[in-house]
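Asker: Take the sequence shown: its position 310, counted from the start at 1, is 313 in this note's numbering, and no numbers get skipped.
Glycine included, every Cβ here is placed at the ideal spot set by N, Cα and C.
All figures in this text were calculated on a predicted structure; none of them were measured in a lab.
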Amino acid sequence: MRERITLIHSPEEGVDPAELVLEPARLKAPAIGAAREDRLTAALDELPSHVSLLLQDFQTLHAFTSVASKNNKNTPRDAHYFYQILDHSHLILKAYADICGDDEECRARARELNDASSLEFAYDAEKPVAKITAFWPLEERTLDITSSDGRRTEVGIMARGSPPSMEEHDIGLGGITLVLGDSKRPSPTLFKFAERHRSAEQLFQATFTQPTGLHPAIRISLSGSQAPAEDCRSYAFLTLPKTIFADRYQLHDNLFMASKNLTALRHASLPVDLEAPAYTTETWGSNILVELAPPSTTQEEWAVEVPLHLRYLEPSATGERDIHVAYPVVFWACPVEQGTNFAINPFDKVGLGYDDLFDDDTVYWHVTPQPASGGDGRLVTSITVPVVDEKAASWVGVGTAVVVGLGFLWVLWQLVRAQTNSDQEARAAKVEKKSR
Numbered sequence: 004m005r006e007r008i009t010l011i012h013s014p015e016e017g018v019d020p021a022e023l024v025l026e027p028a029r030l031k032a033p034a035i036g037a038a039r040e041d042r043l044t045a046a047l048d049e050l051p052s053h054v055s056l057l058l059q060d061f062q063t064l065h066a067f068t069s070v071a072s073k074n075n076k077n078t079p080r081d082a083h084y085f086y087q088i089l090d091h092s093h094l095i096l097k098a099y100a101d102i103c104g105d106d107e108e109c110r111a112r113a114r115e116l117n118d119a120s121s122l123e124f125a126y127d128a129e130k131p132v133a134k135i136t137a138f139w140p141l142e143e144r145t146l147d148i149t150s151s152d153g154r155r156t157e158v159g160i161m162a163r164g165s166p167p168s169m170e171e172h173d174i175g176l177g178g179i180t181l182v183l184g185d186s187k188r189p190s191p192t193l194f195k196f197a198e199r200h201r202s203a204e205q206l207f208q209a210t211f212t213q214p215t216g217l218h219p220a221i222r223i224s225l226s227g228s229q230a231p232a233e234d235c236r237s238y239a240f241l242t243l244p245k246t247i248f249a250d251r252y253q254l255h256d257n258l259f260m261a262s263k264n265l266t267a268l269r270h271a272s273l274p275v276d277l278e279a280p281a282y283t284t285e286t287w288g289s290n291i292l293v294e295l296a297p298p299s300t301t302q303e304e305w306a307v308e309v310p311l312h313l314r315y316l317e318p319s320a321t322g323e324r325d326i327h328v329a330y331p332v333v334f335w336a337c338p339v340e341q342g343t344n345f346a347i348n349p350f351d352k353v354g355l356g357y358d359d360l361f362d363d364d365t366v367y368w369h370v371t372p373q374p375a376s377g378g379d380g381r382l383v384t385s386i387t388v389p390v391v392d393e394k395a396a397s398w399v400g401v402g403t404a405v406v407v408g409l410g411f412l413w414v415l416w417q418l419v420r421a422q423t424n425s426d427q428e429a430r431a432a433k434v435e436k437k438s439r
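1) What does R7 pair with, by DSSP beta-bridge criteria?
2) Report the rounded CA-to-CA distance for A46 versus T63, giving the unit in angstroms.
3) Return helix, strand or coil for H200, following the three-state DSSP convention.
4) Which complete alpha helix (DSSP H) runs does the stretch 206–272 hold, if anything under 4 residues is left out?
5) Using only alpha-carbon positions, find the residue among I386, E6, E170, E393 that is nearest to R112.
6) From the DSSP secondary-structure annotation, give me the bridge partner or partners of F334.
7) Exposed or buried, V401, counting other C-beta atoms within 10 Å across all chains shown (16 or more means buried)?
8) Which one of N424, F334, V388 has the shortest CA to CA distance from L217?
9) For Y282, which of helix, strand or coil comes out of DSSP?
10) Report the residue from L409, R222, N344, R39 whose alpha carbon sits nearest the alpha carbon of T212.
11) For Y357, does the count of other Cβ atoms within 10 angstroms reach 16, so buried, or fall short, so exposed?
12) Below 8 Å on the Cβ atoms is my contact criterion, and I expect R314 with A279 to pass it. Report the Cβ-Cβ distance as a whole number of Å.
13) Alpha carbon to alpha carbon, how far is I148 from R155?
14) Within the same chain, show all residues whose beta-carbon is closer than 6 Å to that of S165, passing over the 5 residues directly before and after it, in chain order.
15) With A329 and T242 assumed to form a contact (beta carbons below 8 Å), what rounded beta-carbon distance in angstroms separates them?
16) As a quick exercise: from A37, E26, I8, M4, pick the residue whose alpha carbon is nearest that of V18.
17) What's the call for G380, buried or exposed, on a 16-neighbour Cβ count within 10 Å?
18) So for E123, helix, strand or coil by DSSP?
19) Please say whether A133 and Y122 have beta carbons closer to each other than 9 Å?
20) Just curious, the alpha helix (DSSP H) that S444 is in, first and last residue?
21) With a 10 Å radius around its C-beta and 16 neighbouring C-beta atoms as the bar for buried, classify H12 as buried or exposed.
22) Could you tell me which of T246, T371, G159, I347 sits nearest to I386, measuring between CA atoms?
23) Should H327 be labelled buried (16 or more other beta-carbon atoms within 10 Å of its own) or exposed?
24) Given a cut-off of 9 Å on the beta-carbon distance, is the pair L225 and W139 in contact?
25) Does G377 pass the burial test, meaning 16 or more other C-beta atoms within 10 Å, or should it be called exposed?
26) Tell me which residues share the same chain as L58 and place their Cβ nearer than 6 Å to its Cβ, disregarding the 5 neighbours each side in the sequence.
27) Assign S52 to buried or exposed, taking buried as 16 or more other Cβ atoms, counted over all protein chains shown, within 10 Å of its Cβ.
28) Quick check on D2: buried or exposed, where buried means 16 or more other Cβ atoms within 10 Å of its Cβ?
29) Specify the secondary structure class of K433 as computed by DSSP and reduced to three states.
30) Below 8 Å, can you find three or more Cβ-Cβ pairs linking the stretch 257–267 to the stretch 279–288?
31) Regarding L64 and the ligand GTP, is the C-beta to nearest heavy atom distance less than 8 Å?
32) So A133 is in the beta strand (DSSP E); what residue range does that whole segment cover?
33) According to DSSP, is P79 helix, strand or coil?
34) Considering only residues of the same chain and omitting the five flanking positions on each side of T9, which have a CB-CB separation below 6 Å?
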């Protein structure tokens, strides 16, 4: 089992190696303002038996704080997704606690994950290893890191650096590294790697167009239309709960798509039942990837609209239900520069969902999301949907039964009446024939 703890601080701050207190299985240092990433890597046979048994059913497994995806072992190209908005990932917390076993220090570290800003669990059967990664943002923190038997703990304390032959969009890091229990003193390090995920100098905001009705549209307003590099295309990846969906047939109409500043639907998860109400839909929801159509002339602001459709929802005591949709991921996908090697990037992220739809040599320029003004600051778009009032629901059932019953009696009466008239006409014709 291997653990890597990385702290990234600003160049203005730092830790004097002379101030480090290095014990055989412990590292202590003065407080420092730094971001922190912890990654625990365990082989399948190092995991608790019930966890390793569960993972054997997967080819790959990626779990995040709000989205998890898996590939079935027998059909590695087919993706299945689970979606739920969570403040914390209980799945990852439980997995970390299981991996720790009776290691109290490890369990204490697992409890610290409640304060992490992002959590990730990844398993790859080809390795086969499981990785749990947690990230904490920049803040003042005191370093007191311990290791334990059976777990190799690597620690890196770094800042932005400038190694030789730095290229544009490379990230350079320099600092010190050590292995608890092995290192007698910290070792200096300086290296660089290319960024796969980059930040475009643009912003976006997502809102529902008003009035929403039963066929709302998400409006994505962008601050600019200039591509960050050559041969780039603009995309939006939407993850939708089962209460709302996109009609893939509607999104194949080229004229309709052009009117919304969209180029094409590039991916839609299947199956999506277009008629079923939410309370009978078994799937968690769906996701779509749409290619955007930026204006041909560079302009500061532009917008696209993605048409969606609401499902019928269960009755409620208030006659309304709130639907929450996570912000889409908006980005430019561009070909990588020649000679770039992402494999040496220790922080490279894969299996995010949308990246499986692109080649491995793709660079992503992300448009920065901005929460709606006056909201709670979350990157979530909400809509209030009118539904049947629970008090009226029983009367609706009774009324429906009465109407159906009356309709049945009316149809029956019309059939009897028609048969009676037919019999009468037949008798009249027979009498007339005899009288002749």
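Answerer: Once the coordinates are examined:
1) R42, E157
2) 14 Å
3) strand
4) 257–262
5) E6
6) Y238, H369
7) exposed
8) V388
9) helix
10) R222
11) buried
12) 7 Å
13) 12 Å
14) G175
15) 6 Å
16) A37
17) exposed
18) strand
19) The question names Tyr, yet the displayed sequence has Leu at residue 122. Result no, Cβ atoms of L122 and A133 do not sit closer than 9 Å.
20) Outside the modelled stretch of the chain, which goes from 4 to 439, sits residue 444, for which no answer is possible.
21) buried
22) T246
23) exposed
24) no
25) exposed
26) Y126
27) exposed
28) Lying before the first or after the last residue shown, residue 2 is absent from the chain, which here runs from 4 to 439.
29) helix
30) no
31) Of ligands this structure carries none, so the ligand GTP is not represented either.
32) 132–149
33) Any reading at P79 must be qualified, since the residue scores a pLDDT of 38, below 50, and its modelled position is unreliable; the value itself is stated next. Note: P79 maps to coil in three-state DSSP.
34) E40, G159
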